[in-house]
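First the structure, in the form of structure tokens, and then the observations on it.
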Amino acid sequence: MKAIRSMVLVSSDPVSIERGAKEVYQALQREIKEFDLENEISLTMVGDVGRHEASPLVIIYPEAVIYGPVKEGDVHFLVEEHLYKGRIAAGLQAPVRELSGKIAWLSARKGTLPAEQRIVLERAGIIDPDSIDDYIIHDGYQALAKALTQMNPEQIFDTLEKAGLRGRGGAGFPTGTKWRFVKKASGTKKYVICNADESEPGTFKDRLILEGDPHAIIEALAIAAYAVGADEGYIYIRGEYTLAQQRLHRAIEQAREIGFLGENIFGTEFKFDLHIHSGAGAYICGEETALIESIEGKRGEPRARPPYPTTNGLWDKPTLVNNVETLANVGPILRNGAQWYRSFGTPSSPGTKVYTILGKTNVTGLIEVPMGITLREVIAIYGKGIKDEKPFKLAQTGGSSGSIIPASLQDTPMDFDSFAKAGVALGSGALLICDEDTCVVDLAKVLLNFFRKESCGKCTPCRIGNQRAYEILTNISEGTGALSDLTDLALLSDNLYQLSNCGLGQTAGAPIRDILNYFRAEVEAHIRLKVCPTGVCPMSGKRI
Amino acid sequence: MTTIKSLEDLKKAREEALRKRDAKVASGTAQVIVGMGTCGIAAGARDTMKAILDTIEKDGLNGILVTQTGCIGLCEKEPIVQVIIGDQPKVTYGKVDSEVAKKILKDHVINGKPVADHVIQM
Ligand SMILES: Cc1cc2nc3c(=O)[nH]c(=O)nc-3n(C[C@H](O)[C@H](O)[C@H](O)COP(=O)(O)O)c2cc1C
Ligand code: SF4
Ligand code: FES
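If you read the protein sequences in the order shown, they are chains L and X.
Counting with the working numbering, you get residues 2 to 545 for the letters of the first sequence.
Counting with the working numbering, you get residues 19 to 140 for the letters of the second sequence.
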């Protein structure tokens with residue numbers, strides 16, 4: 002990577018273009034060259050960053066200063082003042098508040114860029130996943146050595162709690178606290194499990210870690226086992242991930258050979274070994290108690306809770322279940338300390354989050370960024386704007402179990418607490434970006450179709466509620482809906498949330514709640530006018 | 019492989035692995051690294067890998083180390099190939115099909131001239 006010290010972004014929505022954004026961009030290119038700053042400064046045209054009243058905007062990170070409206074003639078002054086002399090170019094600043102005012106992580110990371118911050122993906126795509134030597138060169142197994150020879154379990158829990166690590170599997174439960182629960186649970190036989198089922202549509206962050214850096218998960222599981230007092234672990238991995246399975250098998254063999262798994266690890270009393278358990282394609286088996294049932298050889302149906310797996314898990318023994326990305330954070334935290342970890346992200350959600358960007362952005366793919374970045378920034382900076390300059394309509398987070406985020410919430414920092422406060426959920430990290438061509442009824446129908454098929458059928462609200470909600474949405478999309486359907490949908494959504502046994506049913510109603518909340522007029526148009534405003538729904542007049 | 023029983027052993031193993039790697043760099047070896055995640059493979063990374071290995075064998079090229087790595091998440095640019103020659107900085111290429119791979123071997127690895135069209139700025 003080049004050592005970039007500043008990142009300059011130019012807005013390129015239609016309004017900006019009309020007001021000369023392209024000319025400003027070219028002038029910036031010229032001036033940056035003129036001042037010989039090419040190797041220190043990156044210049045990017047980004048999509049719509051809003052604030053049209055002051056466009057075209059020039060945004061300079063890491064200071065997050067916004068200039069606008071910038072004219073071609075201003076550029077020389079701007080480059081000389083801000084980029085060359087390093088002070089804010091007086092008089093050019095946009096008369097608007099700071100872009101998404103509360104970007105706490107930016108001020109926490111003064112002097113660095115809102116560029117990607119790779120902690121869990123540090124080695125993926127760099128090292129040879131089949132080579133334990135490569136892993137060791139890149140500081141591999143040092144965290145395990147440190148944990149076993151210099152730390153007691155209490156210190157490990159403490160470090161994780163101070164670091165503020167929270168589960169990346171969806172619910173955001175504090176990891177150190179969960180580990181402590183398992184340690185405290187009575188019994189001598191305990192288990193640790195890595196949840197690598199990753200079956201949310203559009204989510205592939207765990208696969209990247211497993212395929213690119215399998216030893217990181219083995220190391221973290223060994224640390225977890227030592228801390229909670231387990232001697233056996235499982236990696237429950239979805240059946241479709243054949244390459245990741247091969248690489249894990251090879252990595253486990255290597256780790257056994259070199260003595261990181263087995264007896265007397267690092268010359269201590271600690272012993273630990275690992276099994277790989279392949280899933281068979283059921284979404285519900287990602288839910289931790291269904292996953293445990295599945296390892297036990299039973300149908301993958303969630304258990305009633307409490308008791309929780311931390312006291313009564315696999316074979317009724319105390320069991321720790323953590324997501325792949327959660328575990329991938331453990332090694333770096335133990336190696337570098339809680340303080341270091343807290344320098345990324347927001348105070349309530351430290352660290353980074355891996356997101357998969359899908360849908361209508363110009364660039365799709367996978368990023369790891371500090372917690373607290375906003376949706377607007379993800380779309381503009383990493384997605385390089387929406388295709389064909391269309392307006393952003395909504396984002397669906399999590400793949401299926403998540404929320405529908407309307408454009409009005411795109412400046413909410415993406416961290417557990419800010420999202421919870423706004424009444425939405427982060428989910429697994431998939432960000433499906435939709436433009437004006439997406440119909441909310443159709444989107445909800447697709448999601449409910451997924452839930453009705455993936456419901457395990459154990460409890461009635463979920464088994465029947467999802468089916469019925471899907472039928473009602475289908476009627477609305479056929480132009481045969483009635484206004485009373487909306488009352489029924491709201492009731493179903495509420496019942497799913499209140500009465501379901503597990504997280505699948507509890508979140509299945511969220512899309513319905515969200516579209517009625519944020520897009521009611523569009524839904525009603527399907528019923529009152531028999532028109533799908535985006536032209537997506539068939540409206541063919543059949544009622545089921 | 020010797021077993022590691024202490025932090026000291028781990029340090030030694032790391033130094034040993036580093037030494038092996040540095041020896042390769044010092045000998046002027048070129049390293050060609052192909053991104054082989056499921057995604058890279060779906061985009062054709064196996065064909066790219068095969069073309070590289072075939073060309074090396076057919077043309078009797080020496081001193082080229084071909085390895086694999088996982089995915090870096092640049093979906094749009096797969097298949098991705100990275101080239102490191104001696105102690106020069108790493109060059110990352112995107113959309114490397116068999117033909118481009120052959121060109122990279124000939125122009126960059128053998129003749130030292132990167133194939134500008136396919137370089138990704140990181
Ligand atoms: C329907 C359903 C599917 C889930 N799928 C996954 C999954 O694929 N991977 C995962 O890590 N967690 C999944 N979870 C969450 C797990 O139940 C559990 O909370 C998580 O593995 C805990 O790990 P963490 O504390 O590290 O986040 C799912 C939950 C539900 C309700
Ligand atoms: S909520 Fe749905 S998936 Fe969960 S136990 Fe009940 S029927 Fe099964
Ligand atoms: S995840 Fe590997 S290319 Fe997208």
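Just so you know, even glycine gets a beta-carbon here, dropped at the ideal spot from N, CA and C.
- In the DSSP assignment, find the alpha helix (DSSP H) that holds Gln-397(L) and state where it starts and stops. Not the alpha helix (DSSP H): Gln-397(L) falls in the beta strand (DSSP E), residues 393-398.
- Where Gly-203(L) and Gly-506(L) are concerned, what is the direct C-alpha to C-alpha distance, given to the nearest angstrom? C-alpha separation (whole angstroms): 20 Å.
- Count the CB pairs spanning the region 471-490 of chain L and the region 34-50 of chain X that are closer than 8 Å, and state whether there are at least three. Proximity of the region 471-490 of chain L to the region 34-50 of chain X falls short of the contact definition, fewer than three beta-carbon pairs being nearer than 8 Å.
- Message: Check whether chain X comes within 8 Å of Gln-143(L), counting only Cβ atoms and requiring the distance to be less than that.
- Response: So, interface residue.
- Task: Confirm, please, whether the CB-CB distance from Lys-206(L) to Glu-326(L) is below 8 Å.
- Result: Yes, Cβ-Cβ distance for Glu-326(L) and Lys-206(L) is below 8 Å.
- Query: Roughly how many whole angstroms lie between the Cα atoms of Tyr-471(L) and Leu-449(L)?
  - Reply: For Tyr-471(L) and Leu-449(L), the distance between alpha carbons rounds to 6 Å.
- 6 Å Cβ shell around Glu-162(L) - same chain, five flanking residues per side excluded: Closer than 6 Å at Cβ, skipping near neighbours: Gly-177.
- Query: Cα separation between Tyr-498(L) and Arg-257(L)?
  - Reply: If I take the Cα positions, the gap works out to 45 Å.
- Could you tell me how far apart the beta carbons of Gly-346(L) and Pro-310(L) are, in whole angstroms, since I believe they sit closer than 8 Å? That belief does not hold up - the Cβ atoms of Gly-346(L) and Pro-310(L) are roughly 27 Å apart, past 8 Å.
- Query: Three or more C-beta pairs closer than 8 Å, one from the region 349-368 of chain L and one from the region 418-438 of chain L: is that the case here?
  - Reply: By the criterion of at least three beta-carbon pairs nearer than 8 Å, the region 349-368 of chain L is in contact with the region 418-438 of chain L.
- heavy atom of ligand 2 below 7 Å from Glu-201(L) C-beta: No - ligand 2 has no heavy atom lying nearer than 7 Å to the Cβ of Glu-201(L).
- Would you mind listing the beta strand (DSSP E) stretches within the region 378-428 of chain L that are 3+ residues and don't spill past its ends, in chain order? Listed in chain order, they are 393-398, 405-407.
- Under a three-way DSSP split, which group does Val-133(X) fall into? Under the three-state reduction of DSSP, Val-133(X) is assigned to coil, being neither helix nor strand.
- In angstroms with no decimal places, state the Cα-to-Cα distance between Val-16(L) and Thr-45(L). If I take the Cα positions, the gap works out to 17 Å.
- Which one or two residues does DSSP pair with Arg-37(X) in a beta bridge? In DSSP, Arg-37(X) forms no bridge with anything.
- Message: Using only the alpha-carbon positions, how far apart do Ala-245(L) and Ile-236(L) sit?
- Response: As the crow flies, the alpha-carbon of Ala-245(L) is around 11 Å from that of Ile-236(L).
- Message: Assess contact between the region 108-127 of chain X and the region 58-76 of chain X, defined as three or more Cβ pairs (one per stretch) separated by less than 8 Å. Is contact present?
- Response: Output reads yes: the region 58-76 of chain X touches the region 108-127 of chain X.
- Does the beta-carbon distance from Leu-432(L) to Thr-398(L) come in below 8 Å? Yes. Within cutoff.
- In angstroms with no decimal places, state the Cα-to-Cα distance between Ile-98(X) and Asp-125(X). For Ile-98(X) and Asp-125(X), the distance between alpha carbons rounds to 17 Å.
- Whole alpha helix (DSSP H) elements within the region 466-536 of chain L, 4-residue minimum: Inside the region 466-536 of chain L, DSSP marks whole alpha helix (DSSP H) runs of 4 or more residues at positions 484-500, 504-509, 511-519, 521-525, from first to last along the chain.
- Message: So for Val-355(L), helix, strand or coil by DSSP?
- Response: If DSSP states are grouped into helix, strand and coil, Val-355(L) belongs with the strands.
- Message: Tell me the rounded alpha-carbon separation between Val-524(L) and Ala-69(X).
- Response: For Val-524(L) and Ala-69(X), the distance between alpha carbons rounds to 53 Å.
- Between Gly-88(X) and chain L, is there a C-beta pair that is closer than 8 Å? Yes, contact with chain L.
- Message: Quick check: does the Cβ of Ile-285(L) come within less than 7 Å of any heavy atom belonging to ligand 2?
- Response: Yes, the beta carbon of Ile-285(L) sits closer than 7 Å to at least one heavy atom of ligand 2.
- Query: Closest Cβ-Cβ distance between Phe-267(L) and chain X: below 8 Å?
  - Reply: For Phe-267(L), at least one C-beta of chain X is nearer than 8 Å to its own C-beta.
- Exposure label - Ser-101(L); buried when at least 16 CB within 10 Å: Here Ser-101(L) scores only 35 on pLDDT, less than 50, and its place in the model should not be relied on; the value that follows carries that caveat. Buried.
- For Ala-28(L), is the classification buried or exposed, using 16 other Cβ atoms within 10 angstroms of its Cβ as the cut-off for buried? With 16 or more other Cβ atoms within 10 Å, it is buried.
- Item | Contiguous alpha helix (DSSP H) assignments of at least 4 residues, all confined to the region 38-111 of chain X | Within the region 38-111 of chain X, the runs of alpha helix (DSSP H) that reach at least 4 residues and sit entirely inside it are, in chain order, 56-60, 63-76.
- Residue closest to Lys-86(L), alpha-carbon to alpha-carbon, out of Gly-352(L), Pro-70(L), Phe-36(L): Proximity to Lys-86(L) across Gly-352(L), Pro-70(L), Phe-36(L) peaks at Phe-36(L), based on C-alpha coordinates.
- Item | Positions along the region 60-85 of chain X whose CB lies within less than 8 Å of some CB in chain L | Those would be Thr-85, in chain order.
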